[in-house]
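Undergrad: Dropping the structure in here first, questions after.
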Amino acid sequence: MWNVFSCKNLRHCYGEMLHTLLDRDEAACIEDAAIGASTVTIFLKAIREYCGDVMNVISEHMTYEGRHLYEVVLTKDRPPSDKSEDQQSKPTIIIEAGQEGGTESVGLALYIIEQLVACEDYEPMLQYVTWVILPCTNPDGQEYSRYSQVSWKKNLRPSEDQLSYGVDITRNFDTQWGSCPKIESGFSPIYPGVGPASENETMFIKSVIAKHKKEAKLYVSLKRDGHSIHYPYGHTKSDPSNPSQLHRVAGDIAMRVNQRTGGVHLFMNTSVFDSEGKAHCGHSVDYAYESGIPLSYEMRVFLGSDNKIMTKFQSLPRGYDNSLRNGYFSGIREMYNVLTNEKKYGKITK
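Residue numbering for the sequence shown follows UniProt numbering, beginning at 1 and increasing consecutively.
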């Protein structure tokens with residue numbers, strides 16, 4: 001069973017969990033499981049029970065429909081030999097997934113948690129960086145999109161007049177929320193809400209950023225339908241205050257992803273604005289950046305509609321999804337390198 005993981009050395013607590021919980025009909029790896037809201041809950045509860053020394057799960061926030069919004073914190077003490085040399089607090093990476101519903105980005109967030117907890121190979125990644133992962137920030141929209149013929153990306157809170165429902169969380173953050181043309185119809189797939197930060201999901205993400213922003217050096221929002229990484233801004237074409245640093249890191253992450261995915265589809269890097277060709281106001285990347293997190297990104301994963309179009313003209317290589325997943329995780333590992341290789345990247349500040 002242990003050879004199903006890509007790591008060479010399985011953490012003892014994770015091995016115990018597999019032996020205790022898995023039977024012949026259950027998936028041994030999260031990437032083989034059907035990703036729904038219940039999968040997230042069961043997976044996190046199991047890991048916390050068996051590997052609580054490296055992770056904590058906080059579930060103080062809930063959606064309109066009563067589903068939990070989970071904050072997962074992964075960390076370990078530094079080796080004793082290092083503590084006397086550097087008593088500074090560890091940098092923090094915040095990863096959140098699923099603002100637009102769907103299962104792809106949520107599955108990737110769970111895969112990141114699985115790799116960091118299960119594999120002793122990645123022990124330094126827990127010793128030198130604190131990982132704060134929000135694996136599913138729109139579980140209501142995720143569940144609806146699983147069983148709907150519509151490509152649903154909003155949450156499910158009904159409008160005040162009860163005629164429509166759903167707010168586009170990606171447009172609900174209070175950074176330049178009102179700078180784009182006003183959308184008043186709740187039927188619009190990009191309806192930004194009655195006001196900034198009006199949604200439980202938005203407030204949840206904001207609270208996590210506020211809690212960790214003192215030590216947070218990097219924020220990434222994983223989203224469905226695409227294959228690229230985007231830096232600020234979304235609301236304007238203007239550059240942020242540290243464009244060279246943002247561009248260099250995005251380029252290095254893209255390079256790592258491309259090295260592992262085989263080049264069938266090139267992983268690109270650009271600004272949020274340029275990726276959409278127009279302003280995207282109320283974006284969480286802009287909010288995280290303006291909150292003081294110097295490296296803030298959106299990462300689009302698993303192609304989505306582009307993949308469906310491409311398969312009409314050519315067959316994809318066997319195991320292509322696994323190649324993409326491994327490529328994205330290589331990009332996540334590069335984020336760790338960015339924060340721990342000061343000689344190469346310098347001090348990460350805005």
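Backbone N, C-alpha and C define an ideal beta-carbon position, used for all residues, glycine too.
By how many angstroms is the C-alpha of V194 removed from the C-alpha of S185?
TA: Mapped onto the sequence shown, residue 185 falls at position 185. Mapped onto the sequence shown, residue 194 falls at position 194. Rounded to whole angstroms, S185 to V194 spans 10 angstroms at the Cα level.
Undergrad: Could you tell me the distance, in whole angstroms, from the CA atom of D306 to the CA atom of V106?
TA: The sequence position of residue 306 within the sequence shown is 306, counting from 1. The sequence position of residue 106 within the sequence shown is 106, counting from 1. For D306, the predicted model reports a pLDDT of 49, less than 50, meaning its position is unreliable; a value from the coordinates is still stated below. Rounded to whole angstroms, D306 to V106 spans 19 angstroms at the Cα level.
Undergrad: Measuring only the C-alpha atoms, how far is K344 from H247?
TA: For the purposes of this step, residue 344 is taken as the residue at position 344 of the sequence shown. For the purposes of this step, residue 247 is taken as the residue at position 247 of the sequence shown. Answer to the nearest angstrom: the Cα atoms are 15 angstroms apart.
Undergrad: Can you tell me whether S296 is buried or exposed? The criterion is at least 16 other CB atoms within 10 Å of its CB, across all chains shown.
TA: One-based indexing of the sequence shown puts residue 296 at position 296. Answer is buried; the Cβ neighbour count reaches 16.
Undergrad: For the alpha helix (DSSP H) that S38 lies in, which residues bound it at each end?
TA: Within the sequence shown, residue 38 is the residue found at index 38, counting from 1. Where S38 is concerned, the enclosing alpha helix (DSSP H) stretches over 37-50.
Undergrad: Where DSSP assigns a beta bridge to M268, which residues make up the other side?
TA: For the purposes of this step, residue 268 is taken as residue 268 along the sequence shown, with counting starting at 1. BP columns for M268 point to S228.
Undergrad: Check for me: the beta strand (DSSP E) holding H61 runs from which residue to which?
TA: Translated into the one-based positions of the sequence shown, residue 61 becomes position 61. Start and end: 55-62.
Undergrad: So what does I95 bridge to, in DSSP terms?
TA: Numbered from its first residue, the sequence shown carries residue 95 at position 95. Its beta-bridge partners are I133, V220.
Undergrad: When you compare only the Cα positions, how much space is there between I35 and F302?
TA: Mapped onto the sequence shown, residue 35 falls at position 35. Mapped onto the sequence shown, residue 302 falls at position 302. Distance between the alpha carbons of I35 and F302 is about 14 angstroms.
Undergrad: Find the nearest neighbour of V285 within the set K350, L18, V272, L108, judged by alpha-carbon distance.
TA: Along the sequence shown, read from residue 1 onward, the residue named residue 285 stands at position 285. Checking every option, the nearest Cα to that of V285 belongs to V272.
Undergrad: Kindly indicate which three-state DSSP category Y191 falls into: helix, strand or coil?
TA: Working through the sequence shown from its first residue, we reach residue 191 at position 191. Looking at Y191 - three-state DSSP - the assignment turns out to be coil, as it is neither helix nor strand.
Undergrad: Can you find the residues in the same chain that come closer than 6 angstroms, C-beta to C-beta, to W131, ignoring five residues on each side of it along the sequence?
TA: Translated into positions along the sequence shown, residue 131 becomes position 131. So the list reads L74, I93, once near-sequence residues are dropped.
Undergrad: Just to confirm, is the Cβ distance from residue 412 to N200 under 8 angstroms?
TA: Beyond the ends of the chain as shown, which are 1 and 350, falls residue 412; an answer cannot be given.
Undergrad: Which residue's Cα is closest to the Cα of H61: E276, P158, P139?
TA: Within the sequence shown, residue 61 is the residue found at index 61, counting from 1. Of E276, P158, P139, the residue nearest in Cα terms is P139.
Undergrad: Determine the direct distance from the alpha carbon of K278 to that of A250, and round the result to whole angstroms.
TA: If you number the sequence shown from 1, residue 250 lands on position 250. If you number the sequence shown from 1, residue 278 lands on position 278. C-alpha separation (whole angstroms): 20 angstroms.
Undergrad: Return helix, strand or coil for L10, following the three-state DSSP convention.
TA: If you number the sequence shown from 1, residue 10 lands on position 10. Reduced to three states, the DSSP call for L10 is strand.
Undergrad: So, are the CB atoms of Q115 and C13 less than 8 angstroms apart?
TA: Here residue 115 refers to the residue found at position 115 of the sequence shown. Here residue 13 refers to the residue found at position 13 of the sequence shown. Taking 8 angstroms as the Cβ cut-off, Q115 and C13 do not qualify as a contacting pair.
Undergrad: Cβ atoms of M55 and V129: under 8 angstroms apart, would you say?
TA: Locating residue 129 in the sequence shown gives position 129, counting from the first residue. Locating residue 55 in the sequence shown gives position 55, counting from the first residue. Not a contact, by the Cβ cut-off of 8 angstroms.
Undergrad: Since E123 and K76 should fall inside the 8 angstroms C-beta cutoff, what is the C-beta to C-beta distance between them, to a whole number of angstroms?
TA: Your numbering for residue 123 matches position 123 in the sequence shown. Your numbering for residue 76 matches position 76 in the sequence shown. Contact flag correct, Cβ pair sits at about 7 angstroms.
Undergrad: List the residues that DSSP assigns as beta-bridge partners of M335.
TA: In the sequence shown, residue 335 corresponds to position 335, counting from 1. Per DSSP, none; premise fails for M335.
Undergrad: In chain order, what residues of the same chain lie with their CB nearer than 8 angstroms to the CB of E215, ignoring the 5 residues before and after it?
TA: Counting from one through the sequence shown, the residue named residue 215 turns up at place 215. Excluding residues within five positions, the ones whose Cβ falls inside 8 angstroms are S89, K90, P91, T92, T130.
Undergrad: Could you say which of G66, Y64, T63, E71 lies nearest to K45 if we only look at CA atoms?
TA: Within the sequence shown, residue 45 is the residue found at index 45, counting from 1. Cα-wise, what sits closest to K45 is E71.
Undergrad: Do D161 and Y191 have their C-beta atoms closer together than 8 angstroms?
TA: By one-based count along the sequence shown, residue 161 stands at place 161. By one-based count along the sequence shown, residue 191 stands at place 191. Going by C-beta atoms, D161 is not nearer than 8 angstroms to Y191.
Undergrad: Under a three-way DSSP split, which group does H68 fall into?
TA: Numbered from 1 along the sequence shown, position 68 holds the residue referred to as residue 68. The answer is strand: DSSP assigns H68 an E or B state.
Undergrad: Enumerate in chain order the residues of its own chain whose CB-to-CB distance from I119 is below 6 angstroms, with the five nearest sequence positions on each side excluded.
TA: Indexing the sequence shown from 1 puts residue 119 at position 119. Correcting the residue type first, residue 119 is Cys in the shown sequence and not Ile. Closer than 6 angstroms at Cβ, skipping near neighbours: C7.
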